[in-house]
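Novice: In full-length UniProt numbering, the protein residues as written are 1 to 267.
In this text, a Cβ means the ideal position worked out from N, Cα and C, and glycines have one as well.
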Amino acid sequence: MDIRNKTILLTGATGGMGSAIAQKLASEGARLLLAGRRQERLEVLLHALPGQLHRTIVVDLESQEERSQLINVCKKEAIDILINNAGICQFSLLESTSEQSLKAILATNVEAPAHLCQALLPVLKNKPEAAIVNIGSVFGAIGYPGYSMYCASKFALRGFTEALRRELSDTAIRVHLLSPRATETDINSQAVNALNQTLGISVDSPDFVANELLSLLLSQRSQQKTLGWPEKLFSRINGALPGLVDGSLKKQLPIIRKYALLNQQKS
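1) Pull up the distance between the alpha-carbon of P254 and that of L195, whole angstroms please.
2) State the DSSP-derived secondary structure class of V133, mapped to helix, strand or coil.
3) Which residue from C89, G16, L93 and G143 puts its Cα closest to that of D186?
4) For G239, which of helix, strand or coil comes out of DSSP?
5) Taking the continuous alpha helix (DSSP H) assigned at T185, which residues delimit it?
6) Taking Cβ positions, are S222 and R158 nearer each other than 7 Å?
7) Quick one: is A13 buried, meaning 16 or more other Cβ sit within 10 Å of its Cβ, or exposed?
8) Where do the N-terminal and C-terminal ends of the beta strand (DSSP E) with S205 fall, by residue?
9) So what does DSSP say about S98, is it helix, strand or coil?
10) Rounded C-beta distance between P180 and V133? I'm assuming under 8 Å.
11) Put L249 into one of helix, strand or coil per three-state DSSP.
12) Looking at T183: is its Cβ nearer than 7 Å to the Cβ of M149?
13) Considering only C-alpha positions, which residue in the set G228, T198, N188 and E43 is nearest to Q252?
14) Who are the near neighbours of L106 in its chain, counting only those whose CB is closer than 7 Å to its CB and skipping five residues on each side?
15) What is the C-beta distance between F139 and C151, in whole angstroms, given that I count them as a contact (C-beta under 8 Å)?
16) Could you give the DSSP three-state label for N72: helix, strand or coil?
17) Could you check if H54 is buried or exposed, using at least 16 other CB atoms within 10 Å of its CB as the buried criterion?
18) Just the C-alpha distance for N193 and A260, rounded to the nearest angstrom, thanks.
19) Measuring straight from C-alpha to C-alpha, what distance separates L233 and V44?
20) Exposed or buried, which one is T226 when buried takes at least 16 other CB atoms within 10 Å?
21) Please state whether DSSP places K6 in a helix, a strand or coil.
22) Excluding sequence positions up to five away, which residues of its chain have a Cβ less than 7 Å from the Cβ of L70?
23) Quick one: what's got a C-beta closer than 6 Å to S205's C-beta in the same chain, skipping five residues either side?
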């Protein structure tokens, strides 16, 4: 796919990953509809991008009414590509996760992408070529302690994307799932950064993820891509032999609990 002059909706545009993706796509000549919750951060991003035709849209994706308003804008703009990048991640033990956080994670990470895909399919089907990219996570293939609700949402998004890709396999719409591993963004608390460092977990840059997303869009077929090694291997082992991963993560459990409790105390 040639993304020059394509109109792209990018949700979660002002996060670390979203900003990097916006810069990459704009530098390739795409026109962006930048969706996020904070007008001032959207304006800063807008003025930092190459190109003059980008647009900002303030939206809270937890609100069905605001999602509907965003959908109306996208229909008028006749978007070519939908990138569901917005997401909420909370590092906490399940017993310490509030009902409000539980609902917010599911609404943002599952309900909003599904709603946007469903509502915008008629627009995308009218294009000679179009694409949907859902940003998943390696935790959509590996259930990890301290991230039970986040894992639940990303497992759901992975299943949704897989089914949708197969539903649309006889159309011109390419459906991709990009699943990063740990990434350097503001979504990570100090406790999460400390946990990653203690366990020796590798962390990718937002620019790396943005480059991988661009490669998906430029590809000639729908793809499901997991980033990072050994995370890619672990996700495959978990699918075939989950008991092996159970044993490995059980050894990490005391450290994970320590940092989860520390994160709770600071939040």
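Specialist: Per the coordinate set shown:
1) Start at 1 with the first residue of the sequence shown, and residue 254 comes out as number 254. Start at 1 with the first residue of the sequence shown, and residue 195 comes out as number 195. Annotation: P254 to L195 spans about 11 Å, alpha carbon to alpha carbon.
2) In the sequence shown, the residue the question calls residue 133 occupies position 133. Strand at V133.
3) Your numbering for residue 186 matches position 186 in the sequence shown. Just measuring C-alpha positions, the residue of C89, G16, L93 and G143 sitting nearest D186 is G16.
4) Numbered from its first residue, the sequence shown carries residue 239 at position 239. Here G239 sits in helix by DSSP.
5) Looking up residue 185 in the sequence shown gives position 185. That residue, T185, is in no alpha helix (DSSP H); it is neither H nor E in DSSP.
6) Translated into positions along the sequence shown, residue 222 becomes position 222. Translated into positions along the sequence shown, residue 158 becomes position 158. Not closer than 7 Å, so no.
7) By one-based count along the sequence shown, residue 13 stands at place 13. With 16 or more other Cβ atoms inside 10 Å of its own Cβ, A13 counts as buried.
8) In the sequence shown, residue 205 corresponds to position 205, counting from 1. Neither: S205 is in no beta strand (DSSP E) and is coded neither H nor E.
9) Locating residue 98 in the sequence shown gives position 98, counting from the first residue. Residue state, collapsed to three classes: coil.
10) Your numbering for residue 180 matches position 180 in the sequence shown. Your numbering for residue 133 matches position 133 in the sequence shown. The Cβ separation is near 12 Å, so there is no contact.
11) Residue numbering aside, residue 249 sits at position 249 when the sequence shown is read from its first letter. In the structure shown, L249 sits in a helix (DSSP, three-state: H, G or I).
12) To locate residue 183, count along the sequence shown from 1; it is residue 183. To locate residue 149, count along the sequence shown from 1; it is residue 149. No, the pair does not count as a contact, with Cβ atoms beyond the cut-off.
13) As a first step, residue 252 is located in the sequence shown; it is residue number 252 there, counting from the start. It is T198 whose Cα lies nearest to the Cα of Q252.
14) On the sequence shown, residue 106 is found 106 positions in, with the first residue counted as 1. Take L106, set aside five residues on each side of it, and the residues of its chain with a beta-carbon closer than 7 Å to its own are S153, in chain order.
15) On the sequence shown, position 139 is the one that residue 139 refers to. On the sequence shown, position 151 is the one that residue 151 refers to. So it is a contact: roughly 5 Å between Cβ atoms.
16) Taking the sequence shown and counting its residues from 1, the one referred to as residue 72 is at position 72. Helix, per DSSP.
17) Within the sequence shown, residue 54 is the residue found at index 54, counting from 1. Here H54 is buried, its C-beta having at least 16 other C-beta atoms within 10 Å.
18) Reading the sequence shown from its first residue, position 193 is the one you call residue 193. Reading the sequence shown from its first residue, position 260 is the one you call residue 260. C-alpha separation (whole angstroms): 11 Å.
19) Reading the sequence shown from its first residue, position 233 is the one you call residue 233. Reading the sequence shown from its first residue, position 44 is the one you call residue 44. Our two residues, L233 and V44, have alpha carbons roughly 39 Å apart in a direct line.
20) To locate residue 226, count along the sequence shown from 1; it is residue 226. With a threshold of 16 other beta carbon atoms within 10 Å, T226 meets it and is buried.
21) Position 6 of the sequence shown, counting from 1, holds the residue named residue 6. K6 falls in the coil class under three-state DSSP.
22) Looking up residue 70 in the sequence shown gives position 70. For L70, where only same-chain residues beyond five positions count, the Cβ hits under 7 Å are A35, I57 and V59.
23) Taking the sequence shown and counting its residues from 1, the one referred to as residue 205 is at position 205. Spatial neighbours of S205 in its own chain (CB-CB distance under 6 Å, excluding positions within 5 residues in sequence) are listed in chain order as E184.
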